[in-house]
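Data block below; observations after.
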Ligand code: URA
């Protein structure tokens, strides 16, 4: 068998055998299949899709491409969460320390920016010194010691996803249910948590634009997790994550009394970052130009097009067009208003952070056009569906 056979097979819409998938994952991991053949195979999968059996085989082969963690020696039920990719999604930075502060151990493998969406690892690397490449033993020891670790794929952990993820980002092959499902679940299975909470983003700015495709992705994620013996729940959301099964009052207390923030500082210290950023965000990289975009009229924000805003961010340098490109961690778009907010004419909707006045000018119209202001407030559901092994529950009805 050769990589060419597999590219041809998938190009022609046929299903791979388990052995074929294992061959491909091994070649992606040890570098024996060159990037151009992997890229062609990824595009064939993006266009032709995969069966459930292929998606499961791909996930298991990717999870087994490095060490798989056994967290059973750490007391308590270990949890993990993952988002399938959205714009401005900072949920992990809040949710993971919050859950850890509530005493639930969090062992999380995150990703970098993918397509037009942001990545938790890139955000964490904006903190001076922060290490995301943790060797397995350090990762486990840290969860045991402080109850939380957030790391990336390494040559030790899910190296196949590390290779394929970077290629997908640079070849327009991100928005594929089997590729997202295998990428997310290989990390979740390898990281060893007992319970997995998935935030399946849906809508403009997400990789999956419509609810029925988001349901297909949620089903694939839950099926893979449940078959692997992990309690897995997926929420299909427009923007936000709600934590299921935890007393909200207690979590609110941990947020407001500073416990979650202290846990974030502890995490940053444990991974060699400067914990002072939690008290002084001015220590984060800053762009020299900050240009506001203002509201043309009174009313309510009816639309803030996440894709347009993300593409403006990417044009400023906050994304990768090539696999080896570096992200400018200082640039981007900070939203001052969100959908449903009341706004007065001239009020600031967003601030563009750019390297130069020209770079800011180049995206100003795009950011301004991303907003629609209506006369009346328009209610909108943030939580759309809850998908478990036993079925789908509508949350927006
Ligand atoms: N997050 C991942 O880890 N992989 C994807 O493909 C999408 C989101």
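Residue numbers (the numbering used here): 306 to 702. Ideal placement from N, C-alpha and C gives every residue a C-beta, glycine not left out. The structure presented is a predicted model; accordingly, all values stated were derived computationally and were not measured.
- Query: Would the segment 511 to 520 and the segment 403 to 413 be scored as touching if the rule is three or more Cβ pairs under 8 Å?
  - Reply: no
- Query: If you scan the segment 626 to 698 from start to end, which runs of the beta strand (DSSP E) of 3 or more residues do you find wholly inside it?
  - Reply: 637 to 640, 653 to 659, 676 to 679, 688 to 693
- Residue range of the alpha helix (DSSP H) that residue 360 falls in? 357 to 368
- Answer yes or no: do residue 654 and residue 602 have a C-beta to C-beta separation smaller than 8 Å? no
- Message: Give me the DSSP bridge partner(s) of residue 505.
- Response: 541
- Can residue 470 be considered in contact with the ligand URA, in the sense that its beta carbon sits closer than 7 Å to one or more heavy atoms? yes
- Task: Take residue 687 and list the residues in its own chain whose beta-carbon comes closer than 7 Å to its own, dropping the five residues that flank it on each side.
- Result: 542, 543, 544, 545
- Secondary structure at residue 563, three-state DSSP: helix, strand or coil? coil
- Message: Tell me the residue span of the beta strand (DSSP E) that contains residue 599.
- Response: 594 to 599
- Inspect the beta-carbon positions of residue 473 and residue 419 and report whether they are closer than 8 Å. yes
- Identify every residue that forms a DSSP beta bridge with residue 536. 500
- Task: Please name the residue in 536, 676, 630, 702 whose C-alpha comes closest to that of residue 427.
- Result: 630
- Message: Between which residues of its own chain and residue 435 is the CB-CB distance below 7 Å, once the five residues before and five after are set aside?
- Response: 429, 573, 576, 577, 578
- Please name the residue in 507, 501, 662 whose C-alpha comes closest to that of residue 611. 507
- Query: Residue range of the alpha helix (DSSP H) that residue 611 falls in?
  - Reply: 611 to 618
- May I ask whether a heavy atom of the ligand URA can be found less than 7 Å away from the beta carbon of residue 574? no
- Inspect the CB distances between the segment 358 to 371 and the segment 327 to 340 and report whether three or more fall short of 8 Å. yes
- Item | Boundaries of the alpha helix (DSSP H) in which residue 448 is found, first to last residue | 441 to 451
- Query: From residue 369 to residue 349, what distance separates their C-alpha atoms?
  - Reply: 23 Å
- Compute every distance between the C-beta of residue 654 and the non-hydrogen atoms of the ligand URA, then say whether any falls below 7 Å. no
- Query: Okay, do the segment 580 to 599 and the segment 441 to 459 touch, 3+ Cβ pairs below 8 Å being the bar?
  - Reply: no
- So residue 384 is in the beta strand (DSSP E); what residue range does that whole segment cover? 384 to 388
- Using DSSP with H/G/I as helix, E/B as strand and the rest coil, what is residue 604? strand
- Nearest-angstrom Cα separation, counted from residue 346 out to residue 321: 12 Å
- Task: Have a look at residue 342 and residue 685 and give me their C-alpha separation to the nearest angstrom.
- Result: 44 Å
- Query: In this structure, what does DSSP give as the bridge partners for residue 414?
  - Reply: 456
- Message: Looking at the secondary structure, which residues open and close the alpha helix (DSSP H) in which residue 329 lies?
- Response: 323 to 335
- Message: Report the CB separation of residue 636 from residue 621 in whole angstroms; it is logged as a contact under 8 Å.
- Response: 4 Å
- Reduced DSSP secondary structure (H/G/I, E/B, other) of residue 589: coil
- Message: For residue 391 and residue 617, what's the separation of their Cα atoms in angstroms?
- Response: 15 Å
- Message: My output table needs one value for residue 700: the three-state DSSP class, helix, strand or coil.
- Response: coil
- Pick from 659, 374, 399 that is closest to residue 566, judged by C-alpha positions: 399
- Item | Burial state of residue 395 (16 or more Cβ within 10 Å) | exposed
- Who are the Cβ neighbours of residue 531 in its own chain at under 7 Å, not counting the five residues just before and after it? 537, 694
- Burial state of residue 559 (16 or more Cβ within 10 Å): buried
- Item | Local conformation of residue 419 per DSSP, three classes | strand
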